[in-house]
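If you're matching them up, the sequences are chains Z and U in order.
For the first sequence, our numbering begins at 1 and goes up steadily by one.
For the second sequence, our numbering begins at 1001 and goes up steadily by one.
Everything on this sheet refers to the single structure shown next.
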Amino acid sequence: MADVAMNVNGEAVRAELPDNTLLVDFLRETLGLTGTHVGCETSQCGACVVHLDGEAIKSCSVLAASVAGRAVTTIEGLADGDALHPMQAAFNAHHGLQCGFCTPGMIMAGVDMVRRYRASGEALDEAAIRHELEGNICRCTGYHNIVRAIDAAAKAM
Amino acid sequence: MYHVNYRRAGSVAEAADLLAEAEDGQLLAGGQTLIPTMKARLAAPSDLVDISGIEDLIGIREGDGAIEIGSMTPHAAVAASEVVRARIPGLAGLAAGIGDPAVRHRGTIGGSLANNDPAACYPAGVLALGATIVTNSREIAAEDFFLGLFATDLEEGEIIVAVRFPQPARSGYAKFPQPASRYPMAGVFAAETPSGIRVAVTGAGEDGVFRHEGLEAALAEDWSRAAAAAVEISPEGLASDIHGAADYRAALVSAMAAEAVARAASRKPKG
Ligand SMILES: Cc1cc2nc3c(=O)[nH]c(=O)nc-3n(C[C@H](O)[C@H](O)[C@H](O)COP(=O)(O)OP(=O)(O)OC[C@H]3O[C@@H](n4cnc5c(N)ncnc54)[C@H](O)[C@@H]3O)c2cc1C
Ligand code: FES
Ligand code: FES
């Protein structure tokens, strides 16, 4: 067993976990944060994307013990009380989801890409958004409204 | 995933000790290959020795005529590095095109080289640039490092510490990604290095990464897109699988070689 402590959505959490516990299982099963989804289990769909110290990662491909001591943000940690994060609000306004299964990963990936492009000074245009979404798969929307939502959120953030 | 003992190493020496103590230990870097493989029960080490917390292994150092990249440096850091973008744009472009953003935040150059997936991108860059793989016990020339599918010259318990790239005059990489996995079905890295024009092909060979003499000879005569495109690429020794036959891969190698040369000429990193 591993004694794992980390910060999740601003709160210190700690648990005794089997060594092979994945970060996504720690979030969902131990902490009950089921907003982070598991789609493929093979590291390709992006439904499980969370932020590790502010950077997008696939929580199904990382051991919880491996990120002990670090800060994780999940979809539950984005809103400010009742006020949705601009990326969440934009997905709502632009109808960037249908079944919603991919949405938490899409939103976490969207926030990450806006942050990186802002830091580098490069333009996050439509082609860039589509390229950046290569690791996030949606079976419903056809992506157009997801791209529109991220584009709108980038302007609002 | 089967049960595994998780061990965190604070230094390279400690990692080597932990590996030696373990019954069947394996290093854990970014885990972007190893964790999915363990989840699929295709790997079942008794112990994982995590080297991701070793600060000395992370970072990019500029030396005289060379750039050294720590083995735990993630792909995203190589892609974003001002130093790599300015001095080896082909390598920055290669790193920028690996997988997707989340994979690039975790996956590392050391893990990619140690794994030597026949479709991985870094082996092409390392071989074409004539880089040296620095381990905790010795230095290995790229020529001697890659030994076919998923096989390298690394010995049991040997740890890659860094990779040293001699400064090329120009460099470019282009890949045709398999649309679902984003690994190359053919990737070509072309470079003008201190040891001459070198061209390495990944994703296409039956035995993994290899240098292409025909492309190297043609580009030594005339470094141009047209010269690369004019080289006849034989399908012999190229892989045939569900994604494409050997002759299709030969055509991809030709197209990617021309594109890599064009990118190298422009000196602009591109994924
Ligand atoms: C969806 C997806 C898409 C991908 N697309 C691409 C792609 O387009 N191109 C590409 O090249 N790769 C791709 N990858 C693979 C990615 O680049 C991996 O990061 C890389 O292959 C392994 O690096 P890692 O740090 O994750 O290593 P790990 O998975 O942690 O380890 C891999 C192996 O290397 C060994 N190892 C790790 N570090 C060392 C070291 N320092 N010394 C000795 N041995 C070591 C480990 O024991 C293990 O056997 C993709 C992966 C995913 C999940
Ligand atoms: S569940 Fe993690 S990438 Fe699909
Ligand atoms: S909204 Fe259904 S998978 Fe994206």
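Just so you know, even glycine gets a beta-carbon here, dropped at the ideal spot from N, CA and C.
**Request:** Kindly indicate if chain U contains any beta-carbon less than 8 Å away from that of Glu122/Z.
**Result:** On the first sequence, position 122 is the one that residue 122/Z refers to. No, because no Cβ of chain U sits closer than 8 Å to the Cβ of Glu122/Z.
**Request:** Within its chain, find whatever has a CB closer than 7 Å to the CB of Glu16/Z; leave out the 5 residues flanking it on each side and keep chain order.
**Result:** As a first step, residue 16/Z must be located in the first sequence, where it is residue number 16. Result list for Glu16/Z: Met1 and Asp3, in chain order.
**Request:** Using three-state DSSP, classify Tyr1248/U as helix, strand or coil.
**Result:** As a working note, residue 1248/U is residue 248 in the second sequence. In the structure shown, Tyr1248/U sits in a helix (DSSP, three-state: H, G or I).
**Cβ contact (3+ pairs, closer than 8 Å) linking the region 1094-1109 of chain U and the region 1134-1148 of chain U** = Flag = no, the region 1094-1109 of chain U and the region 1134-1148 of chain U do not touch.
**Request:** Check whether the Cβ atoms of Ala1120/U and Thr1202/U lie closer than 8 Å to each other.
**Result:** Taking the first residue of the second sequence as position 1, residue 1120/U is located at position 120. Taking the first residue of the second sequence as position 1, residue 1202/U is located at position 202. It is a contact, given that the beta carbons lie within the stated cut-off.
**Backbone secondary structure at Thr1033/U - three-state DSSP** = Here residue 1033/U refers to the residue found at position 33 of the second sequence. The answer is coil: DSSP assigns Thr1033/U none of H, G, I, E or B.
**Request:** Return helix, strand or coil for Tyr117/Z, following the three-state DSSP convention.
**Result:** For the purposes of this step, residue 117/Z is identified with residue 117 of the first sequence, where counting begins at 1. In the structure shown, Tyr117/Z sits in a helix (DSSP, three-state: H, G or I).
**Asked** the region 96-124 of chain Z: which residues have C-beta closer than 8 Å to a C-beta of chain U, in chain order?
**Response** Listed by position along the chain: Ala109, Asp112, Met113, Arg116 and Ser120.
**Message:** In the DSSP output, what is Asn1005/U paired with across the bridge?
**Reply:** Along the second sequence, read from residue 1 onward, the residue named residue 1005/U stands at position 5. BP columns for Asn1005/U point to Asp1047/U.
**Asked** Under a CB-based cut-off of 8 Å, is Val1012/U close to chain Z?
**Response** Counted from its first residue, the second sequence places residue 1012/U at position 12. No, because no Cβ of chain Z sits closer than 8 Å to the Cβ of Val1012/U.
**Asked** Does the beta carbon of Gly46/Z fall short of 7 Å from some heavy atom of ligand 2?
**Response** Counting from 1 along the first sequence, the entry for residue 46/Z is found at position 46. Yes, the beta carbon of Gly46/Z sits closer than 7 Å to at least one heavy atom of ligand 2.
**Prompt:** Looking at C-beta atoms only, is the number of pairs between the region 26-33 of chain Z and the region 121-139 of chain Z that lie closer than 8 Å three or more?
**Reply:** no
**Asked** Starting from Val67/Z and walking both ways along the alpha helix (DSSP H), at which residues does that stretch end?
**Response** Here residue 67/Z is taken as the residue at index 67 of the first sequence, counted from 1. Annotation for Val67/Z: no alpha helix (DSSP H) segment contains it, and DSSP assigns it neither H nor E.
**Request:** Can you give me the Cβ contacts of Ala47/Z inside the same chain, cut-off strictly under 6 Å, excluding the 5 residues immediately before and after it?
**Result:** What you label residue 47/Z is simply residue 47 of the first sequence in a count that begins at 1. Excluding residues within five positions, the ones whose Cβ falls inside 6 Å are His37, Gly39, Cys102 and Gly105.
**Asked** Between the C-alpha atoms of Ala1265/U and Ser1171/U, what's the straight-line distance to the nearest angstrom?
**Response** Here the question's residue 1265/U lines up with position 265 in the second sequence. Here the question's residue 1171/U lines up with position 171 in the second sequence. Using only the alpha carbons, I get a separation of about 8 Å.
**Message:** With H, G and I counted as helix, E and B as strand and the rest as coil, what does DSSP make of Leu1154/U?
**Reply:** Taking the first residue of the second sequence as position 1, residue 1154/U is located at position 154. It is coil, neither helix nor strand.
**Prompt:** Would Gly1031/U count as contacting chain Z if we go by Cβ distances under 8 Å?
**Reply:** Walking along the second sequence from the start, residue 1031/U turns up at place 31. Judged by the 8 Å Cβ criterion, Gly1031/U is in contact with chain Z.
**Asked** Are any of the Cβ atoms in chain Z nearer than 8 Å to that of Val1004/U?
**Response** The residue labelled residue 1004/U in the question sits at position 4 within the second sequence. Chain Z, which has a Cβ nearer than 8 Å to the Cβ of Val1004/U, makes this yes.
**Message:** If the criterion is Cβ atoms closer than 8 Å, does the pair Ala68/Z and Ala5/Z meet it?
**Reply:** Position 68 of the first sequence, counting from 1, holds the residue named residue 68/Z. Position 5 of the first sequence, counting from 1, holds the residue named residue 5/Z. Yes, these two residues count as a Cβ contact at 8 Å.
**Request:** List the residues of chain A that Lys1175/U touches, going by C-beta distances under 9 Å, in chain order.
**Result:** This model lacks chain A altogether, as its protein chains are Z and U.
**Request:** Report, in whole angstroms, the separation of the C-beta atoms of Ala1095/U and His1075/U, which I expect to be a contact under 8 Å.
**Result:** Your numbering for residue 1095/U matches position 95 in the second sequence. Your numbering for residue 1075/U matches position 75 in the second sequence. The pair is a contact, with the Cβ atoms about 4 Å apart (cut-off 8 Å).
**Request:** Go ahead and pull the three-state DSSP assignment for Thr1202/U.
**Result:** Taking the first residue of the second sequence as position 1, residue 1202/U is located at position 202. In this structure, Thr1202/U counts as strand in the three-state DSSP scheme.
**Item:** Unbroken beta strand (DSSP E) run spanning Ala12/Z, endpoints
**Value:** In the first sequence, residue 12/Z corresponds to position 12, counting from 1. Residues Glu11 to Leu17.
**Message:** Can you pull out the residues from the region 53-84 of chain Z whose beta carbon lies closer than 7 Å to at least one beta carbon of chain U?
**Reply:** Among the residues of the region 53-84 of chain Z, those with a Cβ less than 7 Å away from any Cβ of chain U are Glu55, Ala56, Ile57, Lys58, Ser61, Val62, Leu63, Ala65 and Ser66, in the order of the chain.
**Prompt:** Under 7 Å Cβ-Cβ, which residues of chain U neighbour Glu41/Z?
**Reply:** For the purposes of this step, residue 41/Z is taken as the residue at position 41 of the first sequence. Result: Lys1039.
**Message:** Is the beta carbon of Gly1205/U closer than 8 Å to that of Gly1244/U?
**Reply:** Position 244 of the second sequence, counting from 1, holds the residue named residue 1244/U. Position 205 of the second sequence, counting from 1, holds the residue named residue 1205/U. No, the Cβ-Cβ distance between Gly1244/U and Gly1205/U is not below 8 Å.
**Message:** What does the alpha-carbon distance come out to for the pair Asp82/Z and Val114/Z?
**Reply:** On the first sequence, position 82 is the one that residue 82/Z refers to. On the first sequence, position 114 is the one that residue 114/Z refers to. Asp82/Z and Val114/Z: Cα-Cα distance of roughly 22 Å.
**Message:** Given a cut-off of 8 Å on the beta-carbon distance, is the pair Ile1054/U and Leu1027/U in contact?
**Reply:** Within the second sequence, numbered from 1, the residue matching residue 1054/U stands at position 54. Within the second sequence, numbered from 1, the residue matching residue 1027/U stands at position 27. Not in contact: Ile1054/U and Leu1027/U (Cβ atoms no closer than 8 Å).
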